[in-house]
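In what follows, a structure is listed as C-alpha cells, so that the remarks can point back to it.
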Amino acid sequence: LTKKNIGKSIAIVLDGRVYSFPNVEDAITGGISSITGNFTFEDAKTLASVLKAGKLPTPANIVEQAIVGPSLGKKAINAGLTSLAISFLLILAYIFFFYGKSGLNANVALISNVFILMGTLAALGATLTLPGLTGIVLTLGMAVDANVLIYERIKEELRAGKGLKLAISDGYKHAYSAIIDSNITTLLIALILMIMGAGPVKSFAVVLFWGILTSLFTAIFISRLIFEWQMKRKMTITFSTKLTENFLQNVNFNFTGHRKISYTITGTIMIVCIASFFLKGFNLGVDLQGGRSYTVVFDNTKITTPDIANALEAKFGTAPTVKFYGSSDHVKIVTKYRYNDSGEGVDKEIESEMYEALAPFYAQKISLEDFTDKEGIGISESYKVGPTVARDVKVKSVWAVILSLVMMFIYILFRFKGWQYGLGATVALIHDVIFVLGVFSIFDGILPFNLEIDQSIIAAVLTVIGYSINDTVIIFDRIREFISEGKQGKISNLINAALNSTLSRTINTSMTVFIVLIIAFLFGGEAIKGLSFAILIGVVVGTYSSIFIATPIIIDSNKRKEN
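In the numbering used here, each residue carries its 1-based index in the sequence shown increased by 52.
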C-alpha cells in the first residue's frame, strides 16, 4: 500500500472522524513505521490510542444488570429507615441507662455524628444503597465504642482515687492508643472494600469508612468539650447508675486456665465447618457464579416452590432454584438459562417465557405488560451477571479476605512488636471467617431465611474481621500497658488480669453493636437480612475468639511461659 503511494497522504480515520493524514515518505517494509510532525505530548497520546483501537465501533454487551421496581425499592428503603430509627433510639437509651449523666454526653456526640456523617456523604455525592443504610446502622453501634473505652477508663481512674478533672484527663489520655489502634484496623478493612468492592458493597464501605472517621471526631472532641463545659460550671457528672455502678468491677475469671478446653471446642467446630464446605458447599449468589435472578410477586399465598420450579423447568429446559423471599407471596428464582446471552431482546424473551410458565399461578388474570413492568405484582426485581464478571468478583472476594488477614497480621506485628500477638490475632480472625461461612453452609435450607453468599456477605465477612481485630486490640493494648508498667508474674496471670480489667468494655462495645444488628436483622427487610445476620454471628464469635483464642495463643507461643 505505501510503496504505491509515496508522496501521497494516508488518512487515519476512526468512527468517521479524521485524526491525522500524514504523507508517505518511504515504503513500510519491515512492519514498523513512525509518524513525525509538530505534535504535543497529548496529541501523540491520542493518535497512539486511535491506532491501537482498531476497527470501531465494537458491540457493547451488558455483562451485569440490576433492575429494582419502585414498589420493592420503596418497601426496602422504608424497612432500612425503620431499622435505623429503632437502632438509634435503643442505643441512646442503653448508653443513658448504663452511664447515667455522662451517657447524655455520649448521646449528644452520637447525634452529632449522625448529622456530620450524613452531611459528609451528601457533600461527597455518595450513593446510598440498602447495604449503605446497614453501614449507617452499624456505625451507630461502633460509634459508641470509643465513648465506652473512654468512660470505662475514667471509671478506673476514679476508683484509683483521682479527682474528677484528673480522672477525665487521664481517662482520655490512656484510652487514645486503644481507640486509634482499634479504629485504624477497621479503616483498613473499609479501604479494601472500597477498592475491591462494587455497587452496593462500595456504598457500604464508603459509609463505614466515613462513619469511623466522624465517630472518632465526635467521641474524642465533642464529648470532651462537653465535659470541659460541665466542669467549668461545676455540674454533677456521673459515669454509672445505681444498677450499673459495680458491673463486672471485681471479677477474676480464670480465662487462660481452661484454654485447652476452648482449643478443643474451637477445633471441633472448625472441623465441622470445613467438612461442610466440602460436603455441602455454599449457596452462591448470582454475582459469584453468574446467572439470572428474579424476584416475583404473586397475588396469592397458595403457591408452592416445587410447583413453580417444575413449571419453569418445563419451559426453560433447565431446573431453576426457587425459594420464598421474605413472605409467602414473594418468590426468588435463580437460573442459568441463557445467562451468557445479552441484549434487551433476550431479556424480554426470557421474561415472556416466565410469564407463560407462571401466569397459571395467579388467582386473577395478569397481562404480560403487568407481569414485566416491575410494579406491583409480577417481576419486581431482576439481576443478571455474566460468567466473566462472576469469575472476576469471586477471585476479588477471595483476595480481599486474604489481603485483609495479611494486613491485620502486619499491623498487629508492627504495633505490638511481637509475632505472638500477630499469630494470636490472625488465628482468631481465620477462626471467625471459617465460623461465619460455616454457619451459611451448614444452615442453608434449614433456617427460614436466605443464606445465599454474595458480595454483601463477603463485605460482612471483612467487616467481621475488622470488628474482631478491634476487640482483640483492646485486650492486647491492656497487656502491653501492664508490661510497660513493669508488672511481674506469670504471663498467664498477667493476661488474665488484662482480660478481667477489659471485660466490662468488651461486653459493652459488643452489646451496642449487637443491639443495632438485631434491629437490622428483624426490621431491615429481606434484602439486608443475610448481611446483618453474618455480622451478627461475627460479633458474637469475634468476642469469643478475642478472649479464648487470640490471648491464649500468646501464652502458648511464648517460650518464657512462667515469667
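Every residue, glycine too, gets a C-beta built ideally from N, C-alpha and C. None of these values were measured; they are calculated from a predicted model.
request  = Please classify N159: is it buried, with 16 or more other beta-carbons within 10 angstroms of its beta-carbon, or exposed?
outcome  = As a position in the sequence shown, residue 159 is number 107, starting the count at 1. It is buried - the Cβ of N159 has at least 16 other Cβ atoms within 10 Å.
Practice item. State the Cα-Cα distance for the pair L489 and T373, rounded to the nearest angstrom. Key: Your numbering for residue 489 matches position 437 in the sequence shown. Your numbering for residue 373 matches position 321 in the sequence shown. Using only the alpha carbons, I get a separation of about 21 Å.
In the stretch 327-368, which residue ranges form an unbroken alpha helix (DSSP H) of at least 4 residues, counting only runs that do not cross its ends? 338-341 and 357-368
* Are there 16 or more other CB atoms within 10 angstroms of the CB of G184, so buried, or fewer, so exposed? -> For the purposes of this step, residue 184 is taken as residue 132 along the sequence shown, with counting starting at 1. Looking at its Cβ environment, which holds 16 or more other Cβ atoms inside 10 Å, G184 is buried.
Note down the Cα distance separating L210 from A549, rounded to an integer number of angstroms. For this step, residue 210 is matched to residue 158 along the sequence shown. For this step, residue 549 is matched to residue 497 along the sequence shown. Taking the straight line joining both Cα atoms gives about 19 Å.
**Item:** Closest by C-alpha distance to F487, when choosing among M563, F461, Y463 and L588
**Value:** Translated into positions along the sequence shown, residue 487 becomes position 435. The option with the nearest alpha carbon to F487 is L588.
I'd like the list of long-range same chain contacts for Y407, defined as Cβ closer than 6 Å, with 5 residues on each side in sequence excluded. By 1-based counting over the sequence shown, the position of residue 407 is 355. The residues are L420 and F423.
> Hey, S234 and I526 are a contact pair by Cβ (cut 8 Å); roughly how many whole angstroms apart?
Replying inline: What you label residue 234 is simply residue 182 of the sequence shown in a count that begins at 1. What you label residue 526 is simply residue 474 of the sequence shown in a count that begins at 1. Confirmed, about 6 Å.
Taking 7 Å as the limit between beta carbons, can you name the residues of its chain near K153, skipping five residues before and five after? To locate residue 153, count along the sequence shown from 1; it is residue 101. Counting only Cβ-Cβ distances below 7 Å, and skipping sequence neighbours, we find T288, I289 and T290.
Item to complete: Mind listing, in chain order, the continuous alpha helix (DSSP H) runs of no fewer than 4 residues lying wholly within the stretch 259-308?
Response: 275-284
field: Top-ranked residue by Cα proximity to D399, from T603, Y346 and W451
entry: Along the sequence shown, one-based indexing puts residue 399 at 347. Of the candidates T603, Y346 and W451, the one whose C-alpha sits nearest the C-alpha of D399 is Y346.
query = Does the beta carbon of V491 sit closer than 8 Å to a beta carbon anywhere in chain C?
reply = Note that chain C does not occur in the displayed structure, where there is just one protein chain.
| query | Looking at C-alpha atoms only, which residue of V189, G155, S229 and E77 is the closest neighbour of I58? | reply | Here residue 58 is taken as the residue at index 6 of the sequence shown, counted from 1. The candidate whose alpha carbon is nearest that of I58 is E77.
Buried/exposed call for H483, threshold 16 Cβ in 10 Å: Taking the sequence shown and counting its residues from 1, the one referred to as residue 483 is at position 431. It is buried - the Cβ of H483 has at least 16 other Cβ atoms within 10 Å.
Q) In terms of DSSP beta bridges, what is T373 paired with? A) Here residue 373 refers to the residue found at position 321 of the sequence shown. DSSP lists V386 as partners of T373.
According to DSSP, S379 sits in a beta bridge with which residue or residues? Locating residue 379 in the sequence shown gives position 327, where the first residue counts as 1. Answer is Y377.
*Extent of the continuous beta strand (DSSP E) run through K436*: Taking the sequence shown and counting its residues from 1, the one referred to as residue 436 is at position 384. Unbroken beta strand (DSSP E) run through K436: G430 to V437.
Please classify K207 as buried or exposed, where buried requires at least 16 neighbouring CB atoms within 10 angstroms. To locate residue 207, count along the sequence shown from 1; it is residue 155. It counts as buried.
- Count the CB pairs spanning the stretch 310-320 and the stretch 373-393 that are closer than 8 Å, and state whether there are at least three. no
Practice task
With DSSP as the reference, please indicate the residues paired to N75 in a beta bridge.
Solution key: Here the question's residue 75 lines up with position 23 in the sequence shown. Its beta-bridge partners are S61.
| Whose C-alpha, out of L245, Y71 and R532, is nearest the C-alpha of K518? | Counting from 1 along the sequence shown, the entry for residue 518 is found at position 466. According to the sequence shown, residue 518 is Gly rather than Lys. Closest option to G518, Cα to Cα, is L245.
Inspect the beta-carbon positions of S61 and F73 and report whether they are closer than 8 Å. Taking the first residue of the sequence shown as position 1, residue 61 is located at position 9. Taking the first residue of the sequence shown as position 1, residue 73 is located at position 21. Yes, these two residues count as a Cβ contact at 8 Å.
- Item | Spatial neighbours of S544 in its chain, beta-carbon cut-off 6 Å, leaving aside the 5 residues before and after | Residue 544 sits at position 492 when you count from the first residue of the sequence shown. Cβ neighbours of S544 beyond the five flanking positions: T308 and I607.
Following the continuous alpha helix (DSSP H) through K417, name the residue where it begins and the one where it ends. Stepping through the sequence shown from its first residue, residue 417 is reached at position 365. That residue, K417, is in no alpha helix (DSSP H); it is neither H nor E in DSSP.
Tell me where the alpha helix (DSSP H) around L489 begins and ends.
Residue mapping note: residue 489 aligns to position 437 of the sequence shown, counting from 1. Element bounds for L489: W471 to I494.
Grouping DSSP H, G and I as helix and E and B as strand, with all else coil, what is I505? Within the sequence shown, residue 505 is the residue found at index 453, counting from 1. Correct three-state label for I505: strand.
Checklist entry - With which residues is R69 paired in a DSSP beta bridge? => result On the sequence shown, residue 69 is found 17 positions in, with the first residue counted as 1. R69 pairs with L66.
Residue nearest to I264 in terms of C-alpha spacing, selected from F93, T172 and I418:
As a first step, residue 264 must be located in the sequence shown, where it is residue number 212. Considering only alpha carbons, the answer is T172.
Count the CB pairs spanning the stretch 344-363 and the stretch 446-461 that are closer than 8 Å, and state whether there are at least three.
no
| query | Taking Cβ to Cβ, would you say I418 is nearer than 8 Å to I402? | reply | Walking along the sequence shown from the start, residue 418 turns up at place 366. Walking along the sequence shown from the start, residue 402 turns up at place 350. No.
Looking only at its own chain, which residues have a Cβ that is under 8 Å from the Cβ of T357, when we skip the five neighbours before and after it? Position 305 of the sequence shown holds residue 357. Contacts found: V374, K375, F376 and V383.
Just checking my contact of A477 with I431 at CB under 8 Å: how many whole Å lie between their CB atoms? Numbered from 1 along the sequence shown, position 425 holds the residue referred to as residue 477. Numbered from 1 along the sequence shown, position 379 holds the residue referred to as residue 431. No, A477 and I431 are not in contact; Cβ-Cβ is about 46 Å, not under 8 Å.
Checklist line | Sequence-distant residues of its chain with Cβ nearer than 6 Å to T293 (five each side left out) | finding: Along the sequence shown, one-based indexing puts residue 293 at 241. Answer for T293: G152, listed in chain order.
Whole-angstrom Cβ separation of L243 and F261, contact assumed at under 8 Å? Position 191 of the sequence shown, counted from the first residue, corresponds to residue 243. Position 209 of the sequence shown, counted from the first residue, corresponds to residue 261. That belief holds up - the Cβ atoms of L243 and F261 are roughly 7 Å apart, short of 8 Å.
Determine the closest residue to K217 out of E280, Q507 and M248, with distance taken between C-alpha atoms. Your numbering for residue 217 matches position 165 in the sequence shown. The shortest Cα separation from K217 among E280, Q507 and M248 belongs to E280.
- Item | Coarse secondary structure for L574, derived from DSSP in three states | Position 522 of the sequence shown, counting from 1, holds the residue named residue 574. Helix, per DSSP.
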